[in-house]
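Student:
As structure tokens, this is what we get:
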């Protein structure tokens, strides 16, 4: 299958990768930014008892009837409750109990007077000068969360707020879908790793670090397999040894040159080629293949082309595999701030910065140029057959979430 549209390529990969159904039970904090594999309901109400929202005195509101600056009321204080303690006797009319923030409100009490609003106190009680209403300064049992409230749904991303709520319910572990097992390697005899001497004709391996960093930024955990040069046997044997992987991502070796070895690698794996080449720039020479449960995606060796096809093709598939969000790319329309002078015989994606209304185009858009990726938060999707675009044009954007 040759030269297919971007959307068709994504749909093929979504179908081939599917959604993984395996899940694991992990400690609550390790569930952060993972996808919940179960619906969790509140096992009890929160707060689990009626409590005071402040430091003060609890009593029956009727005990304060008629209290004012001109008519002080005296309440006997029976004792004190700190947070974590309880008061097991009912409080009678005309009596009060001193309590701290978070302490349970005793039976017979339906309001709390702030400590600072007490007129004065003596050894036996307090003088008050204001009349309180029933349930004034009163936190009801279950007012935050009622018993059996759904705290998190299946396939919902676990956030810090979820962690806090689940912890408030004493939930120690959570079932989450397992992470995608992703291998990443670079090909190319011209590539050297960081720290090595850069000889004439060689370049440092930015692709591996770029894609690995973006994977990590998105919450994936890539397995870095390094640089394997231009030997198809070595590349194929390395991939075969990673039998537990769900995905293998490679950069380089996918065009039509003498050293474009990925066309030899997939047959050596006994894999099925799914497609090669996309109707778009940059990143047209993308190769996809599958061997059993391993999905291979070979990206361009040009740094920005590799990043562009990762964002437009690979990212939706990986997110969908982990149940993290739909494979659809988020699109908006925006006003072009500067002209884009090139004609586009074929579909083109141009790196840009979107400020919420206008979109700014980088002047350096060649596939091998990487510096303008800094600050790039969107691609302008230019249809095939388009002329140069003047400033003020309304353009289609793909947002890089």
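In the working numbering, the protein residues as written are 2 to 402. Glycine is no exception: its CB is placed at the ideal position from the N, C-alpha and C atoms. Quick caveat, the model's predicted, so the values are computed rather than measured.
#1: Nearest CA to the CA of residue 147: which residue from 198, 51 and 275?
#2: Start and end of the beta strand (DSSP E) containing residue 141?
#3: Can you name, in chain order, every residue of its own chain whose Cβ lies under 6 Å from the Cβ of residue 176, other than the five neighbours on each side?
#4: Run through the DSSP bridge pairs and tell me what residue 196 is partnered with.
#5: Among 209, 264 and 183, which has the Cα closest to the Cα of residue 192?
#6: Give me the DSSP bridge partner(s) of residue 273.
#7: Excluding the five sequence neighbours on either side, which residues of its own chain have a C-beta within less than 6 Å of the C-beta of residue 32, listed in chain order?
#8: So which of 187, 301 and 349 has the shortest CA-CA distance to residue 258?
#9: Tell me the DSSP bridge mates of residue 184?
#10: Buried or exposed: which applies to residue 20, given that a residue is buried once 16 or more other Cβ atoms fall within 10 Å of its Cβ?
#11: Output the residue ranges of the beta strand (DSSP E) runs that lie fully inside the stretch 32-63 and measure 3 residues or longer, sorted by chain position.
#12: Please state whether the Cβ-Cβ distance between residue 1 and residue 287 is less than 8 Å.
#13: Does the pairing of the stretch 231-239 with the stretch 306-324 give three or more beta-carbon distances under 8 Å?
#14: Note down the Cα distance separating residue 402 from residue 182, rounded to an integer number of angstroms.
#15: Return the first residue and the last residue of the beta strand (DSSP E) that residue 338 is part of.
#16: Within 10 angstroms of its Cβ, does residue 66 collect 16 or more other Cβ (buried), or is it exposed?
#17: Per DSSP, which one or two residues make a beta bridge with residue 325?
#18: Look at the Cβ atom of residue 399, then the Cβ atom of residue 388, and state whether they are nearer than 8 Å.
#19: List the residues that DSSP assigns as beta-bridge partners of residue 377.
#20: In chain order, what residues of the same chain have a beta carbon less than 6 Å from the beta carbon of residue 79, not counting five sequence neighbours either side?
#21: Quick check on DSSP: helix, strand or coil for residue 28?
#22: What residues in its chain sit with their C-beta under 8 Å from that of residue 332, if we drop five residues either side in the sequence?
#23: Along the chain, where does the alpha helix (DSSP H) that runs through residue 14 open and close?
#24: How about residue 385 and residue 359: are their beta carbons less than 8 Å apart?
#25: DSSP beta-bridge partners for residue 77?
#26: On the criterion of 16 or more Cβ atoms from any shown chain inside 10 Å, does residue 83 qualify as buried, or is it exposed?
#27: According to the neighbour-count rule (16 or more other Cβ atoms, all chains shown, within 10 Å of its Cβ), is residue 325 buried or exposed?
#28: Could you tell me which of 190, 207 and 211 sits nearest to residue 201, measuring between CA atoms?
#29: Within the continuous beta strand (DSSP E) that includes residue 360, where are the two ends?
#30: Return yes when the Cβ of residue 380 is within less than 8 Å of the Cβ of residue 352, no when it is not.
#31: May I have the straight-line CA-CA distance separating residue 232 from residue 165, to the nearest angstrom?
#32: With a threshold of 6 Å on Cβ separation, who are the neighbours of residue 128 within its own chain once the five nearest residues in sequence on each side are excluded?
Tutor: Taking the structure as given:
#1: Your numbering for residue 147 matches position 146 in the chain shown. Checking every option, the nearest Cα to that of residue 147 belongs to 51.
#2: On the chain shown, residue 141 is found 140 positions in, with the first residue counted as 1. Per DSSP, residue 141 belongs to no beta strand (DSSP E) and is neither H nor E.
#3: Taking the first residue of the chain shown as position 1, residue 176 is located at position 175. Cβ neighbours of residue 176 beyond the five flanking positions: 24, 26, 38 and 39.
#4: As a first step, residue 196 must be located in the chain shown, where it is residue number 195. The partner list for residue 196 (beta bridge, DSSP) is empty, contrary to what the question assumes.
#5: Taking the chain shown and counting its residues from 1, the one referred to as residue 192 is at position 191. The option with the nearest alpha carbon to residue 192 is 209.
#6: Translated into the one-based positions of the chain shown, residue 273 becomes position 272. In the DSSP output, where bridge partners are listed per residue, residue 273 has 291.
#7: In the chain shown, the residue the question calls residue 32 occupies position 31. Spatial neighbours of residue 32 in its own chain (CB-CB distance under 6 Å, excluding positions within 5 residues in sequence) are listed in chain order as 159, 175 and 177.
#8: On the chain shown, position 257 is the one that residue 258 refers to. Ranking 187, 301 and 349 by Cα distance to residue 258 puts 301 first.
#9: Taking the first residue of the chain shown as position 1, residue 184 is located at position 183. Residue pairing by DSSP puts residue 184 in a beta bridge opposite 224 and 249.
#10: Counting from one through the chain shown, the residue named residue 20 turns up at place 19. Label assigned to residue 20: exposed.
#11: 57-60, all fully within the stretch 32-63.
#12: What is shown of the chain runs 2 to 402, which leaves residue 1 out entirely.
#13: With a cut-off of 8 Å, the stretch 306-324 and the stretch 231-239 do not count as touching, because too few Cβ pairs lie within range.
#14: Counted from its first residue, the chain shown places residue 402 at position 401. Counted from its first residue, the chain shown places residue 182 at position 181. Rounded to whole angstroms, the gap between the alpha carbons of residue 402 and residue 182 is 22 Å.
#15: By 1-based counting over the chain shown, the position of residue 338 is 337. Element bounds for residue 338: n/a, residue is neither H nor E.
#16: As a working note, residue 66 is residue 65 in the chain shown. In summary, residue 66 is exposed, with fewer than 16 beta-carbon neighbours lying within 10 Å of its beta-carbon over all protein chains present.
#17: Start at 1 with the first residue of the chain shown, and residue 325 comes out as number 324. Note: residue 325 sits in no beta bridge, so no partner.
#18: Your numbering for residue 399 matches position 398 in the chain shown. Your numbering for residue 388 matches position 387 in the chain shown. No, the Cβ-Cβ distance between residue 399 and residue 388 is not below 8 Å.
#19: Along the chain shown, one-based indexing puts residue 377 at 376. The secondary-structure analysis by DSSP pairs residue 377 with nothing; it has no beta-bridge partner.
#20: The count along the chain shown starts at 1 and reaches residue 79 at position 78. These residues qualify, in order along the chain: 96 and 98.
#21: For the purposes of this step, residue 28 is taken as residue 27 along the chain shown, with counting starting at 1. Of the three classes helix, strand and coil, the one that applies to residue 28 here is strand, per DSSP.
#22: For the purposes of this step, residue 332 is taken as residue 331 along the chain shown, with counting starting at 1. Beyond the five residues adjoining it in sequence on each side, residue 332 comes within less than 8 Å, by CB distance, of 382, 397, 398, 399 and 400 in the same chain, given in chain order.
#23: Translated into the one-based positions of the chain shown, residue 14 becomes position 13. Where residue 14 is concerned, the enclosing alpha helix (DSSP H) stretches over 7-18.
#24: Along the chain shown, one-based indexing puts residue 385 at 384. Along the chain shown, one-based indexing puts residue 359 at 358. Against a cut-off of 8 Å, the Cβ pair of residue 359 and residue 385 comes out as no contact.
#25: The count along the chain shown starts at 1 and reaches residue 77 at position 76. Residue 77 is bridged by DSSP to 96 and 126.
#26: Within the chain shown, residue 83 is the residue found at index 82, counting from 1. Classification for residue 83: exposed.
#27: As a position in the chain shown, residue 325 is number 324, starting the count at 1. Answer is buried; the Cβ neighbour count reaches 16.
#28: In the chain shown, counting from the first residue as 1, residue 201 sits at position 200. Considering only alpha carbons, the answer is 190.
#29: Along the chain shown, read from residue 1 onward, the residue named residue 360 stands at position 359. Residues 359-362.
#30: To locate residue 352, count along the chain shown from 1; it is residue 351. To locate residue 380, count along the chain shown from 1; it is residue 379. Closer than 8 Å, so yes.
#31: As a first step, residue 232 is located in the chain shown; it is residue number 231 there, counting from the start. As a first step, residue 165 is located in the chain shown; it is residue number 164 there, counting from the start. In this structure, the alpha-carbon of residue 232 lies about 51 Å from that of residue 165.
#32: The residue given as residue 128 occupies position 127 in the chain shown. Answer for residue 128: 73, 75, 120 and 121, listed in chain order.
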